[in-house]
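In structure tokens:
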């Protein structure tokens, strides 16, 4: 069979559910059952995480929304991918939904790190300044090789700049994918098709650039905070597992699309399965598998949060405040340390004034 005959026999585009079920064979049913089980397992882990945090922090369950949103990202990616596999024609819409959720999750993770100081920028900047910390802009993925970039003091203005880097992702992504949805309905956007006349490559490119700047802002914050966070809070693994999800979901779709454009992923000439359908299917299958693994890791990491680690951090913050007071009294620095509000969240918000089953005693024991 000539290449022209193969091209003529290839199906084009994404089928509807009624068309898709006619070409599904036994192996497709088996794969469908497996990914359904994985998706249910991911949903079960999310429900367990919600239950655990309500139980571990009974007086703070109403302030756990940021953590629940972050943990929900794996469930969202798994179930949107599952629906994209079951309803291929709606695959791009499922991708749009998951990526918009991810963009907001990046902003939530930024908010989560700020909530280590109860969300008060003034408290955070004074403590960080007292610890002689700096915002190091020479960080990946954008500026790891830019030696000329200065170190910034942790002032409100500089933190506002970091916030803008993360916030732009939450703003650009919905607008970008709204435009993509409009173009998709008008058949100008074709997932996996990398061509100058198709909108797919431009939508992906904008998304990648926006993600890089958003990740840059998060990494700058993370590398400063990790040096003062107690190891019991597992900030490093929490950030790493989230970072891996961002990298995989942002890049793998574009890479698989390139493989399809290069002819490595081909259509099935024995059945009406287009290269676009195979490309989308591979992407969704990988996403569900990756979400399952990352969800397990996230569950283990966040499961370790407890009042013990929370008390440890509260004691650490009080020690930092005492150090700032000492330096101020010695004339080494000019800070209004007496105005610092010492609050914390073991991923959310907890005031050290909260009397929660002897929590003050735990803080005192940690200090002693």
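Residue numbers (the working numbering): 1 to 368.
We treat Cβ as the ideally placed atom computed from N, Cα and C, and that holds for glycine.
- Secondary structure at residue 64: coil, using DSSP grouped into helix, strand and coil.
- When rounded, the separation of the alpha-carbon atoms in residue 41 and residue 298 is 13 angstroms.
- Under the three-state reduction of DSSP, residue 17 is assigned to helix.
- One thing to note: residue 220 has its Cβ within 8 angstroms of the Cβ of residue 137.
- In this structure, 89 is the residue among 66, 67 and 89 with its C-alpha nearest to the C-alpha of residue 16.
- Bridge pairing for residue 252: absent [DSSP].
- Distance from the CA of residue 191 to the CA of residue 287, rounded to the nearest whole angstrom, comes to 16 angstroms.
- The beta-carbon distance between residue 294 and residue 101, rounded to whole angstroms, is 15 angstroms. This is too long to meet the 8 angstroms contact definition.
- Under the three-state reduction of DSSP output, residue 107 falls in the helix class.
- When DSSP reads this structure, residue 268 sits in a beta bridge with 273.
- Between the segment 171–190 and the segment 232–249, the count of C-beta pairs closer than 8 angstroms stays below three; the two stretches do not touch.
- In the DSSP assignment, residue 168 falls within the alpha helix (DSSP H) that extends over 156–185.
- Contact between the segment 265–280 and the segment 211–230 is absent: fewer than 3 CB-CB pairs across the two stretches fall below 8 angstroms.
- For residue 222, the enclosing alpha helix (DSSP H) begins and ends at 200–225.
- Across the structure, residue 64 and residue 269 are spaced so that their CA atoms are roughly 51 angstroms apart.
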